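Taken in sequence, the protein lines are chains A and B.
Residue numbers for the first sequence, in the working numbering: 80 to 414.
Residue numbers for the second sequence, in the working numbering: 80 to 414.
Think of the CB as a built atom: it goes at the ideal place given N, C-alpha and C, for glycine as much as any other residue.
Bear in mind that the values here come from a model prediction, so they are computed numbers and not experimental data.
Worksheet: one structure, shown below.
2 protein chains.
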Amino acid sequence: MNDLLLRACRGEAVPHTPVWIMRQAGRYLPAYRALRKRYTMLEALRDPDLAAAITLLPLETFDLDAAIVFSDILPPLIGMGLDLTFVPGVGPRLEEPLRTTKGIDRLRVPPAVEAMPETLETIRRVKPILRVPLIGFAGAPFTLASYAIEGGASRTYSRTKALMYSEPAAWDRLLTKLTTVVADLLKEQVKAGADCVQVFDSWAGALGPADYVRFVQPYSRMLIAQLPAPVIHFSTGTGSYLNAVACAGGDVIGVDWRVALDDARKAVKRPVMGNLDPVTLLAPWRELKAHIDDVLQRAEATGHIFNLGHGILPETPVENVRRLVDYVHTATSQA
Amino acid sequence: MNDLLLRACRGEAVPHTPVWIMRQAGRYLPAYRALRKRYTMLEALRDPDLAAAITLLPLETFDLDAAIVFSDILPPLIGMGLDLTFVPGVGPRLEEPLRTTKGIDRLRVPPAVEAMPETLETIRRVKPILRVPLIGFAGAPFTLASYAIEGGASRTYSRTKALMYSEPAAWDRLLTKLTTVVADLLKEQVKAGADCVQVFDSWAGALGPADYVRFVQPYSRMLIAQLPAPVIHFSTGTGSYLNAVACAGGDVIGVDWRVALDDARKAVKRPVMGNLDPVTLLAPWRELKAHIDDVLQRAEATGHIFNLGHGILPETPVENVRRLVDYVHTATSQA
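In structure tokens, the structure reads:
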């Protein structure tokens, strides 16, 4: 078993820097695109045969140091009583976004075995055949709340912020429910076989540092504190207050490309994951290599998991992913 | 004449902190909405009578310490040969975005008197009747380039980055042309009567720090170095590399709300503008006041221009703007 990812989470010496890629089982892979012509996102992740196959897909193609279970952060909202759909070509949408305190109080708090049983089953199926660590994941309470309230992507997150400013008690009840749901999801994923888990707070960067500390950090901290496996705490747009993110917890802090990795490491004082700009994978090799080298030069030899700063883009050439993975291994090899 | 804005630009003592609001003549004002039902954005800014009236509108309603000429950063692209239109409800769009090096080489470099004569005329008309400083403005070369290449707003700026990575020589020619156009625009605005100018690099935060330094900073520096009036250098999403932004120049660095203002001041070592989250203007006064207080506590008494961290939202209650402006004056009063 290749356990480099877990060693990097602990800041231990590694023979080479482990690498995996956010959305590594995604639309840039022809086999994934072919499957997704036939099945919607929800169908695919709710079918453990399919989800297991998709989880394994990138590992057959690239020399990756981790698998991540094929799933999504949003389906737990369905189990809580919201009407999430994935609109092809648009993304996730809620017909009736969460806009009232009554709506918040009606939300159910389903256990993971009810909310996401297929993801747990997918983990049980792939775990025995993997030779690399398996990452489980879920959305952070804030990011799930903002999806639920906005009903989809947002430029301003104005409804989310308006709720937190106007109805702090309702905000607390909502985030507390989400924290309970997500904590159980991640604990059950670990029980099912996940070796480590990633908490995605993808939209935390919509907030300024003072609001992050007041309205987000307490719930992320409550969540992370109860997780029984190494935690990668990922967010984007939080580069100027990573210390506050780190303060919420996580063995590893995942950062986007808008912050220099050496600055990030200084701010969080622990292992980091990142942080290549996904768009560099569309560039000629000369430029892609220069950007990988920049990340590696700013990283330390231990306590670094190489990854992109956000999900891989659908238009990424497969060949560039192969070169990236192999180059990171070669360039960081201590042998 | 109230010259507090100009004194704050120089870091001098002021009787109270000057305040203005990005998009202060905007959709949150009923009179502006009424006018815009009748005239498109381009019609309004190309009619000096209308543009002057709109410039003055917020000053009649609030006790603001600066006017900003009613105009837009994108129309210069029309003079350069691109087919920009403002699609109602969608925003600016280019039918044929800039995607080839041939397209870049065909771009004209019109002088300001050809590209934006109406904005210069608007400045000449409002200047004599203003009792506060008048701010001129233009888009930074990078932000204009990214609009021209993407053809509209973008989540990833992948075409912009792909061009800079793949065709660095063409990128240099494009940014050099844009720098020339914008420099002349701003110089002519100052000649026409603008007391200071703001350079909007609104999308610079799409880049990581190393790319910013290589592909953006040289052009912004070339631009700012030749401007004959105080410069406010504004960007968003650059909170983790504000030192690099400041290094490109500007008497004042304008920042968004994702960075604590005291951290920003330390990073840029000069006066700062900002940085209230625009969404807080939708909150109850108690919360709005708490957020204003937080900004003021992190600011120093000199070298601070109070503003939002980005443009005011159309759904903002007018009354909250009045309270904000008056409160900043009272709370910072040295009398």
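Can you check which of these residues, the options, is closest to residue i by C-alpha distance?
| i | options | result |
| --- | --- | --- |
| Gly148 of chain B | B:Gln277, B:Glu246, B:Thr235 and B:Val292 | At residue 148 of chain B the sequence reads Val, which differs from the Gly that was named. Cα-wise, what sits closest to Val148 of chain B is B:Gln277. |
| Arg210 of chain A | A:Ala145, A:Ile371, A:Ser314 and A:Pro363 | A:Ala145 |
| Glu229 of chain B | B:Met101, B:Val292 and B:Arg178 | B:Arg178 |
| Asp372 of chain A | A:Arg349, A:Asp184 and A:Gly353 | A:Gly353 |
| Leu156 of chain B | B:Pro190, B:Leu355, B:Ala123 and B:Lys181 | B:Pro190 |
| Tyr244 of chain A | B:Arg238, B:Gly390 and B:Leu361 | B:Leu361 |
| Leu135 of chain A | A:Arg117, A:Pro207 and A:Glu267 | A:Pro207 |
| Thr315 of chain A | A:Ala285, A:Arg125 and A:Val295 | A:Ala285 |
| Ala194 of chain B | B:Leu257, B:Gly158, B:Lys181 and B:Glu174 | B:Gly158 |
| Val98 of chain B | B:Ala241, B:Leu138 and B:Ala131 | B:Leu138 |
| Ala123 of chain B | B:Asp342, B:Asp151, B:Phe294 and B:Leu253 | B:Asp151 |
| Thr239 of chain B | B:Lys348, B:Gly231, B:Ser225 and B:Arg117 | B:Ser225 |
| Leu355 of chain A | A:Ala369, A:Trp336 and A:Arg349 | A:Trp336 |
| Tyr111 of chain A | A:Ala131, A:Ala92 and A:His95 | A:Ala131 |
| Arg185 of chain A | A:Ala289, A:Leu253 and A:Ser412 | A:Leu253 |
| Leu143 of chain B | B:Pro167, B:Asp82 and B:Phe221 | B:Asp82 |
| Arg172 of chain A | A:Glu366, A:Leu84, A:Met120 and A:Pro94 | A:Met120 |
| Cys302 of chain B | B:Ala104, B:Leu257 and B:Pro127 | A quick correction: the sequence has Leu, not Cys, at residue 302 of chain B. Among B:Ala104, B:Leu257 and B:Pro127, the Cα nearest to that of Leu302 of chain B is on B:Leu257. |
| Tyr406 of chain A | A:Ala369, A:Glu394, A:Glu267 and A:Tyr298 | A:Ala369 |
So residue i and residue j are supposed to be a Cβ contact under 8 Å. How far apart are they, rounded?
| i | j | result |
| --- | --- | --- |
| Leu340 of chain A | Ala378 of chain A | 5 Å |
| His383 of chain B | Val338 of chain B | Between Val338 of chain B and His383 of chain B the Cβ distance is about 14 Å, and since that is not below 8 Å, they are no contact. |
| Tyr107 of chain A | Val292 of chain A | No, Tyr107 of chain A and Val292 of chain A are not in contact; Cβ-Cβ is about 36 Å, not under 8 Å. |
| Gln305 of chain A | Ala262 of chain A | 5 Å |
| Ala273 of chain A | Leu213 of chain A | 5 Å |
| Asp330 of chain B | Cys88 of chain B | 5 Å |
| Ala219 of chain B | Ala323 of chain B | Not really, about 13 Å apart at Cβ, beyond 8 Å. |
| Gly318 of chain B | Asn386 of chain B | Actually they do not touch by this definition, with Cβ atoms about 16 Å apart. |
| Val400 of chain A | Phe141 of chain A | 6 Å |
| Leu392 of chain B | Ser237 of chain A | 6 Å |
| Leu321 of chain B | Ala289 of chain B | Not confirmed; about 15 Å, so no contact. |
| Thr381 of chain B | Gly90 of chain B | 6 Å |
Name the chain B residues that come within less than 7 Å of residue i, Cβ to Cβ?
| i | result |
| --- | --- |
| Arg337 of chain A | Gly284, Gly287, Gly316 and Ser319 |
| Thr164 of chain A | Chain B residues near Thr164 of chain A: none, gap ~21 Å exceeds 7 Å. |
| Gly229 of chain A | It should be noted that the sequence gives Glu, not Gly, for residue 229 of chain A. Within 7 Å Cβ-Cβ: nothing; Glu229 of chain A doesn't reach chain B, min ~12 Å. |
Anything in chain A within Cβ reach of residue i, meaning under 8 Å, just list it in chain order.
| i | result |
| --- | --- |
| Thr359 of chain B | Lys240 and Tyr244 |
| Ala362 of chain B | Lys240, Ala241, Tyr244 and Ser245 |
| Glu366 of chain B | Tyr244 and Ser245 |
Which residue comes first and which comes last in the alpha helix (DSSP H) that contains residue i?
| i | result |
| --- | --- |
| Ile183 of chain B | Thr180 to Arg185 |
| Val269 of chain A | Pro247 to Ala271 |
| Phe221 of chain A | Pro220 to Glu229 |
| Leu136 of chain B | Pro127 to Thr140 |
| Ile202 of chain B | Pro196 to Val205 |
| His64 of chain A | It is not possible to answer for residue 64 of chain A, since the shown part of chain A is limited to 80 through 414. |
| Asp372 of chain B | Trp364 to Arg377 |
| Ile303 of chain A | Gln296 to Ala304 |
| Ile384 of chain B | Segment His383 to Leu387 is the beta strand (DSSP E) holding Ile384 of chain B; no alpha helix (DSSP H) there. |
| Val347 of chain B | Leu340 to Val347 |
| Arg112 of chain B | Pro109 to Arg117 |
| Arg86 of chain B | Leu83 to Cys88 |
| Leu121 of chain B | Met120 to Leu124 |
| Leu156 of chain A | Pro155 to Gly158 |
In chain A, what lies closer than 9 Å to residue i by C-beta?
| i | result |
| --- | --- |
| Asp342 of chain B | Pro288, Ser319 and Tyr320 |
| Thr180 of chain B | Within 9 Å Cβ-Cβ: nothing; Thr180 of chain B doesn't reach chain A, min ~15 Å. |
| Ser150 of chain B | Per Cβ cutoff of 9 Å: no residues; Ser150 of chain B is ~22 Å from chain A at best. |
| Ser237 of chain B | Pro357, Val358, Leu361, Leu392 and Glu394 |
Which two residues bound the contiguous beta strand (DSSP E) that contains residue i?
| i | result |
| --- | --- |
| Ala327 of chain B | Unbroken run through Ala327 of chain B: none, as it is neither H nor E. |
| Ile311 of chain A | Val310 to Ser314 |
| Thr164 of chain B | Leu163 to Val166 |
| Arg172 of chain B | Gly170 to Leu173 |
| Met352 of chain A | Val351 to Leu355 |
| Val334 of chain A | Segment: none, Val334 of chain A is in no beta strand (DSSP E) and carries neither H nor E. |
| Asp280 of chain A | Cys275 to Asp280 |
In chain B, which residues lie less than 9 Å from residue i when you measure between Cβ atoms?
| i | result |
| --- | --- |
| Thr222 of chain A | Result: empty, since nearest Cβ-Cβ is about 16 Å, beyond 9 Å. |
**Report entry** chain B contacts made by the region 374-396 of chain A, where a contact means CB separation under 8 Å
**Finding:** Listed by position, the residues of the region 374-396 of chain A near chain B (Cβ gap below 8 Å) are Gly388, Leu392 and Glu394.
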